[in-house]
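Below: one structure, written as structure tokens.
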Amino acid sequence: MATVKPFLCIRPETSVVSRVAALPYDVYSRAEAKAEVEREPLSFLKIDRAETGFPDEVDTYAPCVYERARKLLDEMREDGIFVQEKAPCYYVYELTMDGRVQTGIVACSSIDDYAGGVIKKHENTRAEKEEDRVCHVDVCDAQTGPIFLAYRARADINALVTEVKKEPRLYDFVAPDGVRHAVWKIDGAEQVRALEEAFTRVPDIYIADGHHRAASAVRVGFKRREEHPDYKGDEPYNYFLSVLFPDEELMIMDYNRVVKDLNGLTEEAFLERISTDFEVQKVGSEPVRPGRKGEFGMFLSDCWYLLTAKRSPSGDPVADLDVSVLQDVLLGPVLGIGDPRTDERIDFIGGIRGLSELSSRCHRDMKVAFSMYPTSIGELFQVADTSRLMPPKSTWFEPKLRSGIFIHKLS
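In terms of this note's numbering, the sequence shown opens at residue 4 and continues consecutively.
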């Protein structure tokens, strides 16, 4: 059962929260991050991506970058931009995007639950990305970006959240991308106790987004244990910052693919090859958004096609994912994309950018594009429950949690 605890939060002063809150560090290139910090000097991105304060020739992962992040965090606390709660508490965090609302609990989750499999993952992590966040968390002595977790909805937790949302809001602002963020604090002893007890009845928790942040936070926690062999288990470093959402409120968007060439095939030969495993229907200029599992859109030479997989489900939760079908039947054997994590001929485009981005990339630097039917939250749970991993770039969650609204200090 899950251990989900209240914590001593460091958070922005109310008047500046809309300026501090920033999209996750990994959705920006270095140039984009630098431009965003120039646009908004209070953006938490200047701490999450502290290389923005150095010339471009300074390595993103240089020790001085992490030291700058720590210095900036300390300065913002000294200047009163951040305040610290006097007692541990939970928060309710509501995000509204295009009229759709999802509400999570901000709390600290256990590194032992992660290590023991109560918190389940569905993706591998890359060593260099993980090491970056290990250094950031360790040097800053704080977790600054929450991990997006999901659980199967429970009536008791839903009811408690509904009650809390009747109270005055701590924060309420609309970010530049149009997403509304609202926060309520849960600090009443009875509500805190009820919520902590409710989560002990949750058998499984799933990482929806933030595998690298989670793995890094856990690594730092175990590193601190080695440094303090007399630890008791209740020290802050034994827990990591998270926002936990009920599955019924979550939406996964499509995560689409573009490929640079046809692997030496003519268009005619390519279409003939894929017709072995797909029904191929020429649609025309109208973008194709798949309407069900097993369907794929394809853009090639200014024309959209609808591809429908011919093979029947195998019962294997990973092999039956649409991203697996496309990789195993088309991208690998036909286009020669062996490892999509490392092959430079393939790129991935989140559904938030729209289907027009696929045709745009084909006009600019790619040859063929594929639009996907979104992976479902049920498929994610099924893969994680069997201790399996999804192919890379299988899920795109929106809206994104903001960094800088909640900070968890490790000591």
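Ideal placement from N, C-alpha and C gives every residue a C-beta, glycine not left out.
Got a sec? Which residues, its chain only, sit under 7 Å from residue i by beta carbon, not counting five neighbours each side?
{"i": "residue 52", "result": "28, 31 and 36"}
{"i": "residue 124", "result": "210, 214 and 387"}
{"i": "residue 3", "result": "Since the displayed the chain opens at 4 and closes at 414, residue 3 lies outside it and no answer follows."}
{"i": "residue 218", "result": "128 and 133"}
Relative to the C-alpha of residue i, which candidate in the options has its C-alpha closest?
{"i": "residue 240", "options": "144, 333 and 351", "result": "144"}
{"i": "residue 4", "options": "366, 340, 403 and 203", "result": "203"}
{"i": "residue 191", "options": "309, 94 and 390", "result": "94"}
{"i": "residue 328", "options": "307, 305 and 299", "result": "299"}
{"i": "residue 34", "options": "49, 21 and 283", "result": "49"}
{"i": "residue 149", "options": "136, 103 and 230", "result": "136"}
{"i": "residue 237", "options": "379, 113 and 21", "result": "113"}
{"i": "residue 322", "options": "382, 310, 348 and 366", "result": "382"}
{"i": "residue 121", "options": "374, 152, 142 and 181", "result": "152"}
{"i": "residue 26", "options": "40, 14, 116 and 16", "result": "40"}
{"i": "residue 339", "options": "67, 79 and 267", "result": "267"}
{"i": "residue 384", "options": "179, 398, 369 and 134", "result": "398"}
{"i": "residue 343", "options": "297, 396 and 359", "result": "396"}
{"i": "residue 176", "options": "403, 17 and 355", "result": "17"}
{"i": "residue 303", "options": "330, 269 and 326", "result": "269"}
{"i": "residue 45", "options": "368, 15 and 88", "result": "15"}
{"i": "residue 357", "options": "77, 375, 146 and 70", "result": "375"}
{"i": "residue 193", "options": "167, 414 and 325", "result": "167"}
{"i": "residue 7", "options": "147, 173 and 198", "result": "198"}
{"i": "residue 2", "options": "83, 70, 220 and 60", "result": "The shown model of the chain, from 4 to 414, leaves out residue 2, and the question about it has no answer."}
{"i": "residue 282", "options": "274, 400 and 21", "result": "274"}
{"i": "residue 139", "options": "201, 205, 179 and 69", "result": "69"}
{"i": "residue 363", "options": "130, 306, 76 and 58", "result": "306"}
Which two residues bound the contiguous alpha helix (DSSP H) that contains residue i?
{"i": "residue 194", "result": "192-202"}
{"i": "residue 189", "result": "Here residue 189 belongs to no alpha helix (DSSP H); instead the beta strand (DSSP E) covers 183-189."}
{"i": "residue 266", "result": "Neither: residue 266 is in no alpha helix (DSSP H) and is coded neither H nor E."}
{"i": "residue 19", "result": "That residue, residue 19, is in no alpha helix (DSSP H); it is neither H nor E in DSSP."}
{"i": "residue 1", "result": "Residue 1 is absent from the model: the chain starts at 4 and stops at 414."}
{"i": "residue 219", "result": "214-230"}
{"i": "residue 352", "result": "Looking at the DSSP string, residue 352 is not in any alpha helix (DSSP H); the run it does join, the beta strand (DSSP E), is 349-353."}
{"i": "residue 160", "result": "158-167"}
{"i": "residue 317", "result": "Here residue 317 belongs to no alpha helix (DSSP H), and DSSP marks it neither H nor E."}
Sorted by chain position, which residues of the same chain lie with C-beta nearer than 8 Å to residue i's C-beta, five sequence neighbours on each side aside?
{"i": "residue 280", "result": "312, 313, 314, 332 and 333"}
{"i": "residue 252", "result": "104, 105, 106 and 156"}
Taking the DSSP output, what are the residues bridged to residue i?
{"i": "residue 306", "result": "303"}
{"i": "residue 282", "result": "311"}
{"i": "residue 175", "result": "185"}
{"i": "residue 244", "result": "111"}
{"i": "residue 123", "result": "209"}
{"i": "residue 256", "result": "399"}
{"i": "residue 105", "result": "98"}
{"i": "residue 287", "result": "307"}
{"i": "residue 406", "result": "25"}
{"i": "residue 411", "result": "12 and 146"}
{"i": "residue 85", "result": "15"}
{"i": "residue 298", "result": "311"}
Just to confirm my understanding: we take residue i, look at its own chain, exclude 5 residues before and 5 after, and list those with CB closer than 6 Å. What are they?
{"i": "residue 99", "result": "183"}
{"i": "residue 350", "result": "261"}
{"i": "residue 9", "result": "91, 92, 93 and 195"}
{"i": "residue 96", "result": "107, 109, 186 and 246"}
{"i": "residue 11", "result": "88 and 91"}
{"i": "residue 276", "result": "337"}
Since residue i is in the beta strand (DSSP E), which residue starts that stretch and which ends it?
{"i": "residue 99", "result": "93-100"}
{"i": "residue 154", "result": "150-154"}
{"i": "residue 135", "result": "Unbroken run through residue 135 is the alpha helix (DSSP H), 130-143; no beta strand (DSSP E)."}
{"i": "residue 53", "result": "Run containing residue 53: none; DSSP gives neither H nor E here."}
{"i": "residue 61", "result": "Run containing residue 61: none; DSSP gives neither H nor E here."}
{"i": "residue 374", "result": "371-374"}
Please find out if some non-hydrogen atom of the ligand HEM comes closer than 7 Å to the beta-carbon of residue i.
{"i": "residue 365", "result": "This structure lacks the ligand HEM; in fact it carries no ligand of any kind."}
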